[in-house]
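Line by line, the protein sequences give chains G and L. Heads up: the first sequence begins at 1 in the working numbering, then just goes up one per residue. Heads up: the second sequence begins at 1001 in the working numbering, then just goes up one per residue. What follows is a short report on a single structure.
2 protein chains.
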Amino acid sequence: MSGRIPWPVPEPHLPSGVHPALAAATRAATDAFRAAREAYDRAQLAEKVQVGADGTPTMRLDILVDTAIAEVVNAHRINLLSEELGHIDNGSAVTLVTDPVDGTANAASGVPLSAFAGVIAVDGVPTEALTSWLDTGRCWHTVAGRPSAYRTNGRTELDGAAVSLLRPQAHIADAWWRVATRAARIRILSTSCLEAVLVAEGSTDAFADAGSDTHRIVDLAAAMVTVPAAGGAVIDVHGRPLEIDPDLTRRWSGVVAATPRLAEELAETIRGTEDR
Amino acid sequence: MSGRIPWPVPEPHLPSGVHPALAAATRAATDAFRAAREAYDRAQLAEKVQVGADGTPTMRLDILVDTAIAEVVNAHRINLLSEELGHIDNGSAVTLVTDPVDGTANAASGVPLSAFAGVIAVDGVPTEALTSWLDTGRCWHTVAGRPSAYRTNGRTELDGAAVSLLRPQAHIADAWWRVATRAARIRILSTSCLEAVLVAEGSTDAFADAGSDTHRIVDLAAAMVTVPAAGGAVIDVHGRPLEIDPDLTRRWSGVVAATPRLAEELAETIRGTEDR
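So this is what it looks like as structure tokens:
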């Protein structure tokens, strides 16, 4: 993995009506992402330079983008909850919850599937979400309680479904394979936030962590606003409540699906408790 | 899966110096792809309307794009070898070998990972390849025997590599899992042609069909020009020669890798003959 990534990073196609801090954070993330790709090669972008607030090693690319977002948050005098920098409390009722670069491994290597995802939470309640596909500028925006521009495809059954999964790992091989056997199509795009909006807009049926407890709340927060508003569901495989919590060491196995019924069937299949 | 796909289809960013028939075919494929998405919803795009020349059911989207390409081929008085329409012999020494919509299932459902891939072959020898990512207009162009604009990342070892695979299937589960266990990162993007150019440009290490013999020559022809010119290799798992052959019922298990050594190691791992 070497050399700079030559492809351009376009401006985000922000819809109107986005919360000013969320819009500014999206622009700042995009600018920082572009500057990082121009300044560093693939190996430098992927270099693990510190340990993030979530307890996992942080790539240089993540730090650069997260730092740019922190500046926006401070200028807007709201709080931040982000994968790398953790919780910054500016004494506001409003918090920006963000995965600055979702799909960091894709982004650092040049696979053009990575996103900025941001959620505005007021007193811990998510009110608005924006996901921006950094490689194309394509944006998905949802405000809780208002009609969504997206609609899932309404699928209710796992047999024959198109399901995105986190990558297979040895310790969850059985669960992973149970899902793969029942689905007609399996994708691994390695970008949870984009996989979630593809469910919301009806382009795929579901996305799941097959029980590896890899998901942090920042990976799921945007989906928690976007997908239910489009008719779908976001749950945890083991039924743990999905909560915006400054403790970023908490983990979930998220299931994002076109309908609550499909989400439950996927969770049961992953747990191995399905009634068949 | 329902509703129209609302996202725009941009013009292809064609580099200069592309063979006129290949450039015209790329534009025609893009225009037909855009028109099909505007005229039909997801279910209609995916409807299986006939059996293609490769012996598998053909989606409406494939037919619409392939028909547009056939018109270009006839106007340029060259031959065609395409997934759906098969071999059209216009008595020329030049043949356009094409997968009109690589990643058709992605394209028809709205997952933004699908490509037009075309190869100019003269007396059966591939001389030039172009892959165009239909959702973004991003193009990769290589002329055999001339310096390539792309360079693989040079990786030689499977352990810890980033490998794209065709989706898992029960009858090749062991081979699929052997690769997944040794690689550090597995992706399934469901678009062979884009996965191949990501190897050529150094964004990922390899792409393989783990022995399911799914690949047709139209899936691999562009990679056969693009990847070796960038320092990589394209082979068959079982060592069968990759040949441009009008018999589209022939199948291969293609391995596309950053180096010949990594390609061989992947093929051995898939065959289960690796020396470990």
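Yeah, the Cβ is synthetic: ideal placement off N, Cα and C, and Gly gets one too.
Helix, strand or coil, according to DSSP, for residue i in the structure here?
{"i": "G/P57", "result": "strand"}
{"i": "G/V143", "result": "strand"}
{"i": "G/E243", "result": "coil"}
{"i": "L/S993", "result": "Missing from the structure shown is residue 993 of chain L; chain L here goes from 1001 to 1276 and no further."}
{"i": "L/L1014", "result": "coil"}
{"i": "L/P1260", "result": "helix"}
{"i": "L/L1064", "result": "helix"}
{"i": "G/I5", "result": "coil"}
{"i": "L/S1096", "result": "First, the amino acid is wrong: residue 1096 of chain L is Leu here, not Ser. It is a strand residue."}
{"i": "G/L187", "result": "Just to set this straight, residue 187 of chain G is Arg in the shown sequence, not Leu. DSSP places G/R187 in strand when its eight states are reduced to three."}
{"i": "G/H238", "result": "coil"}
{"i": "L/P1126", "result": "strand"}
{"i": "L/S1132", "result": "strand"}
{"i": "L/L1165", "result": "strand"}
{"i": "L/L1220", "result": "helix"}
{"i": "G/H171", "result": "helix"}
{"i": "L/L1081", "result": "strand"}
{"i": "L/A1180", "result": "helix"}
{"i": "L/D1283", "result": "Residue 1283 of chain L is absent from the structure shown; chain L starts at 1001 and stops at 1276."}
{"i": "G/D102", "result": "strand"}
{"i": "G/S109", "result": "helix"}
{"i": "L/A1149", "result": "coil"}
{"i": "L/A1117", "result": "strand"}
So the candidates are the options; which of them puts its Cα closest to the Cα of residue i?
{"i": "L/A1107", "options": "L/D1159, L/E1038, L/D1245 and L/R1187", "result": "L/E1038"}
{"i": "G/V255", "options": "G/A23, G/A173 and G/L158", "result": "G/L158"}
{"i": "L/L1080", "options": "L/A1121, L/L1189 and L/P1008", "result": "L/A1121"}
{"i": "G/L96", "options": "G/T26, G/M224, G/A75 and G/G118", "result": "G/G118"}
{"i": "G/T191", "options": "G/S82, G/L166, G/S109 and G/D31", "result": "G/L166"}
{"i": "L/N1090", "options": "L/A1233, L/D1102, L/V1073 and L/P1112", "result": "L/V1073"}
{"i": "L/L1045", "options": "L/R1004, L/T1030, L/S1114 and L/G1211", "result": "L/R1004"}
{"i": "L/R1060", "options": "L/A1068, L/V1049 and L/D1054", "result": "L/V1049"}
{"i": "G/S29", "options": "G/S109, G/T67, G/R187 and G/V125", "result": "It is worth fixing the name first, because residue 29 of chain G is Ala in this sequence and not Ser. Of the candidates G/S109, G/T67, G/R187 and G/V125, the one whose C-alpha sits nearest the C-alpha of G/A29 is G/T67."}
{"i": "G/S253", "options": "G/A25, G/W176, G/E47 and G/P10", "result": "G/W176"}
{"i": "G/R27", "options": "G/R251, G/A267 and G/V101", "result": "G/V101"}
{"i": "G/R42", "options": "G/L22, G/G86, G/V111 and G/P20", "result": "G/V111"}
{"i": "L/S1092", "options": "L/L1113, L/V1143 and L/H1076", "result": "L/H1076"}
Please classify residue i as buried or exposed, where buried requires at least 16 neighbouring CB atoms within 10 angstroms.
{"i": "G/P286", "result": "The first residue shown for chain G is 1 and the last is 276, placing residue 286 of chain G beyond what the model contains."}
{"i": "L/G1052", "result": "buried"}
{"i": "L/G1272", "result": "exposed"}
{"i": "L/N1153", "result": "buried"}
{"i": "L/A1184", "result": "exposed"}
{"i": "L/G1103", "result": "buried"}
{"i": "G/D219", "result": "buried"}
{"i": "L/M1001", "result": "Here the model assigns L/M1001 a pLDDT of 46, short of 50, so the residue's position is not dependable and the matter cannot be decided."}
{"i": "G/H238", "result": "exposed"}
{"i": "G/S132", "result": "buried"}
{"i": "G/P168", "result": "buried"}
{"i": "G/D205", "result": "buried"}
{"i": "G/A222", "result": "buried"}
{"i": "L/D1123", "result": "exposed"}
{"i": "G/A25", "result": "buried"}
{"i": "L/P1020", "result": "exposed"}
{"i": "G/R155", "result": "buried"}
{"i": "L/D1174", "result": "exposed"}
{"i": "G/G145", "result": "exposed"}
Would you grab the beta carbon distance between residue i and residue j for me? Rounded to a whole angstrom, and I think it's under 8 Å.
{"i": "L/T1259", "j": "L/A1129", "result": "No, L/T1259 and L/A1129 are not in contact; Cβ-Cβ is about 19 Å, not under 8 Å."}
{"i": "L/A1263", "j": "L/I1235", "result": "5 Å"}
{"i": "L/F1207", "j": "L/S1164", "result": "4 Å"}
{"i": "G/P57", "j": "G/C139", "result": "Not confirmed; about 29 Å, so no contact."}
{"i": "G/T277", "j": "L/A1170", "result": "As shown, chain G starts at 1 and ends at 276. That puts residue 277 of chain G outside it, with no answer to give."}
{"i": "L/I1078", "j": "L/V1094", "result": "4 Å"}
{"i": "L/C1193", "j": "L/D1099", "result": "6 Å"}
{"i": "L/V1199", "j": "L/T1269", "result": "Actually they do not touch by this definition, with Cβ atoms about 17 Å apart."}
{"i": "L/T1249", "j": "L/G1055", "result": "5 Å"}
Applying a beta-carbon distance threshold of less than 7 Å, which residues of chain B neighbour residue i?
{"i": "G/T181", "result": "Looking for chain B here will not work: the only protein chains present are G and L."}
For the segment 1172 to 1201 of chain L, list every residue whose C-beta sits within 8 Å of some C-beta in chain G, in sequence order. A1173, W1177, A1180, T1181, R1185, I1186, R1187, I1188, L1189, S1190, L1198 and E1201
Below 9 Å between beta carbons is the criterion; list the residues of the segment 202 to 217 of chain G that meet it against any residue of chain L, in chain order. G202, S203, T204 and D205
Members of the segment 1099 to 1112 of chain L near chain G, C-beta cut-off 9 Å: A1105, N1106, S1109, G1110, V1111 and P1112
Closer than 8 Å, Cβ to Cβ, to anything on chain G: give me those residues from the segment 1134 to 1165 of chain L, in chain order. D1135, T1136, R1138, R1151, N1153, G1154, R1155 and A1162
Could you list the residues in the segment 246 to 275 of chain G with a C-beta less than 8 Å from some C-beta on chain L, going in chain order? Considering only beta carbons, no part of the segment 246 to 275 of chain G lies closer than 8 Å to chain L.
Of the residues that make up the segment 1220 to 1234 of chain L, which ones have a beta carbon closer than 8 Å to any beta carbon in chain G? none
Pull out every residue of the segment 1006 to 1034 of chain L whose Cβ sits closer than 9 Å to any Cβ of chain G, in chain order. When CB distances to chain G are screened at a threshold of 9 Å, the residues of the segment 1006 to 1034 of chain L falling below it are P1006 and W1007, in chain order.
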